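The structure appears below as structure tokens.
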Amino acid sequence: MDVEKQEAEAKKTGETHVTNMLQRPDQLEKVEQYMRKRSRNKASVEAMLKTAMQSQLDGVRVGLNQVQVAQQDIQGIKESLVSLDKLFSSVPKLYEKLQDVRDENMRHSQYVTAMENLKHIFTVPESVEKTKQWIQEGKLLLSFQSLTDLENSRDDLLYELHKLPNQAPADKSMLKAYFEDVEVLSQLLEKQLRLVLSRTLNTVRKEPTVIVTALRIIEREEKADTFALQRHKESGFLPPGRPKKWREMAMEVLEKEVAQRIEGTHVDERNDNKMWLVRYLELTRQLILEDLRVVKTLCVPCFPPSYEITKTFLKMYHDCLSRHLQEIIQSGLQGNEIVSLLSWIMNTYPGMELMQNPELDIDKSSIKPLLEPSIVDELQQTYLKTMENNYSEWMQKTLLTEKEDWQKGEAPQGDDQDGHFHTASPVIIYQMIDQNLQVTQTISPELTFKALVLGMEQVIKYCKMYREAIIAFKCRHFEDRSQVPYFTHYIITIANNCLQFRELARHTKERYWKAGYHDSSAAQKYEALLRSFQNLRDEVAFFLLEEAFLDLELHFQNLITQKWMTSSHPVDTICVTLEDYFQDYVHLTTRNFDHVITEAQNLVAKKYISAMLQKKVTFKSYEDRKEAGLKIIKEAEQIKGLFIRVAPNVANYDSPFDIIRNLAEVLKSEDPEILSLDLHGLVDKYPDVTPDQLTQLLGLRGDISRSDAHEKVSFIFNANKSKHREIKTIFSLL
């Protein structure tokens, strides 16, 4: 039914295909062509079907033949298994019958072994004595051959006894006792080999054949050990004295010799020679370099390739030197000794002077650090701690020297062509720091950076000590100003020193501040150092002016008073006194001088304005106000002229005395409208002026009530509220 259904579907599909193919009249001309094409496709498909069917039939035929053959083979195996079963049943009886044969074979094997070793058995004492003599004479090959024959005879006989089912302990003990001198010979030969190997680096230069002979003996014994261990796994028999492990012994002897050579260069102690460590490290460098040259050129041809003798010696020297250096470190090192050791292990040892020497041609990746990072770090911390203690001691001595200079009663001398006062303390301190940094540069950039940070920390500490000493010096001076006649000169020196500390800090940073090593905390320390001395300079400058203005305080009190109206003495005295002090200020460096003059004129202006706002005098008429205003303007110009003569670059720029002139204009103003304009201009130009200050200024006029002054000032500030600016002038200091 399925075939009929498929045939019907095929016919239906064919009809549809023909209908689609012959839809146009011109396609009828190709009917014959279509029929031939379909016939060819049909023949091709039929051929493929025939081929597939034939292949299937051939496969079935082959499979049937193989099944038949397999069945025959199974039958043959079955018959063979039956035969074997019958044969195995007779094996126990045959085993019992052959017992005598086995016993005879065992005796024959023992006889054969005895015959083969008969000459050695009878000549054991003689062979032992002869071998001892050869060993003493250094004839290693002869003694080794004789020892090998004796050991083989002993081991063969013991092995035959071991194979017996019922071993007689007495026979075994007797045989071992008979051959007991053989083990003594082995120990003597081992001792001789140790002696030869301990002189390897010297012997290989003169008699390399001796080293080759010793190594050949060791290699043969290694093979004998391997054979003995393998037989032990199979039979449980292990000859006496095996395994000898002479190769392991050879490595121990070589390493011990290396250790002795390393320790042998330690010829001096600290008490005998202060440069003992430097000498030891240099002798060690020369020794290792020469020994590794010998190993590379002479030992390599003598040693078997499996020894990798260059790498082996390299590791031995590295390990022995590392252990000895750790012993030296544990015994205690001093400051310069730590530097020498760190520089040697971090630069000399892995550098061109030793491990990377072109003659050695050592792979750079195989050069390991001599000491663990923790030990190196501990050494560095010890060195930095010593450096810190030295800094503290030196800085205290430097400060003590400077304090003694303050009390000598002698004026400091200018130490440059401009006559600026300095002391040696900044240079001394930074020379100490620079010397230490130069030393650490021979070790590593990391240690140099740590030393640089330590130096900055110590200079900051010195700044604190310096400040405390300066304050104590200043307080003692102001208690009795006759005690230190050159107080001003020393304060000038201190101010200059502060700037020199900053400049030297910048110079040191430029030389030693390397990219990639600093962090934010180090940068903060550097900024703290600069800030510390900047603040100290500002404070010292204030001390300098404090002394000058202490003499002028009474004259400032006499400003804007009734007596002042008829006398120019206060301002004249102020100008003369300041000019006198300014004569000493020329010993300040330019930056300090400009700073002090700036602070001085601000302080003078502040005190003058304060005197104006204190209302010590009352003006009864416009004429009095005008006269006072003109006098104030004249005095402001007089004081400003003083500062222009002394420091034109400072006084000509944004002078605070211009403010005094503006205040005087408010004071002498007659027209209320002009007064308001002056006040508006004052507030606009100096936005930090306060209402109270303006009120006090208006109160000085004497023609405006306090309530009117408050009202006028409030109106002005409300009008200027939208113009608020953050500008600091002299009014912020009042």
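If you want the numbering used here, it's the position in the sequence shown, counting the first as 1, plus 1431. From the three backbone atoms N, C-alpha and C, an ideal C-beta is built for every residue, glycine too. Just so you know, these numbers come straight off a predicted model, no measurement behind them.
Taking a contact as a CB-CB distance under 8 Å, the pair D2109 and V2097 counts as one, their CB atoms being some 5 Å apart. Looking from the CA of R2022, the closest CA among V2114, C1929, M1452 and N1989 belongs to C1929. Pairing I1648 with L1571 gives a Cβ-Cβ distance under 8 Å.
In the DSSP assignment, M1786 falls outside any alpha helix (DSSP H) and carries neither an H nor an E. Within 10 angstroms of the beta-carbon of S1511 lie fewer than 16 other beta-carbons, which makes it exposed.
When DSSP states are grouped into helix, strand and coil, H1697 belongs to the coil group.
In this structure C1733 is buried. Its beta-carbon is surrounded by 16 or more other beta-carbon atoms within 10 angstroms. Non-local beta-carbon contacts of M1863 in its own chain, meaning distances under 6 Å to residues more than five positions away in sequence, involve W1825 in chain order.
Only buried fits G1886, as 16 or more other CB atoms lie within 10 angstroms of its CB. Contact between D2015 and H1920 holds: CB atoms are separated by about 7 Å, below the 8 Å threshold. By alpha-carbon distance to I1760, the top candidate from S1796, Q1811 and K1795 is Q1811. Secondary structure of R2137 (DSSP, three-state): helix. DSSP places P2122 inside the alpha helix (DSSP H), whose first and last residues are P2122 to R2132. Close CB contacts of C1894 within its chain, under the 8 Å cut and outside five residues either way in sequence, are with F1932, L1960, S1963, F1964 and L1967 (chain order). In the DSSP assignment, G1569 falls outside any alpha helix (DSSP H) and carries neither an H nor an E. In terms of Cβ geometry, L2019 and V2027 form a close pair [threshold 8 Å]. Secondary structure of K2047 (DSSP, three-state): coil. Around the beta-carbon of A1882, 16 or more other beta-carbon atoms lie within 10 Å, marking it buried.
The closest CA to that of K1563, considering only K1622, E1446 and Q1765, is found on K1622. Taking a contact as a CB-CB distance under 8 Å, the pair V1635 and L1729 counts as one, their CB atoms being some 5 Å apart. With 16 or more other Cβ atoms from the protein chains shown falling within 10 Å of its own Cβ, A1979 counts as buried.
Non-local beta-carbon contacts of N1496 in its own chain, meaning distances under 6 Å to residues more than five positions away in sequence, are absent.
Contact between the stretch 1661-1681 and the stretch 1710-1720 is absent, with fewer than three C-beta pairs closer than 8 Å.
Between the stretch 1671-1684 and the stretch 1702-1716, the count of Cβ pairs shorter than 8 Å is below three; the stretches do not touch.
In this model, F2146 and I2090 are separated by some 22 Å (Cα to Cα). In this structure, the beta-carbon distance from V2081 to D2119 does not fall below 8 Å.
In this structure, the alpha-carbon of M1783 lies about 28 Å from that of S1737. A straight line joining the alpha-carbon of A1953 with that of H2141 spans about 54 Å.
Rounded to the nearest whole angstrom, the C-alpha separation of Q1988 and M1996 is 13 Å. Only residues of its own chain outside the window of five on either side were considered, and among them none has a CB closer than 6 Å to the CB of E1899. The C-alpha of L1801 lies about 36 Å from the C-alpha of D1656. Annotation note: the stretch 1670-1742 contains the following uninterrupted alpha helix (DSSP H) runs of length 4 or greater, listed N- to C-terminal: 1677-1695 and 1707-1725.
For E1790, no alpha helix (DSSP H) segment is defined, and its DSSP state is neither H nor E. If you draw a straight line from the Cα of G2133 to the Cα of Y1957, it comes to about 56 Å.
Annotation: the continuous alpha helix (DSSP H) that includes N1633 extends over T1631 to K1637. The three-state reading of DSSP puts Q1955 in helix, counting H, G and I together.
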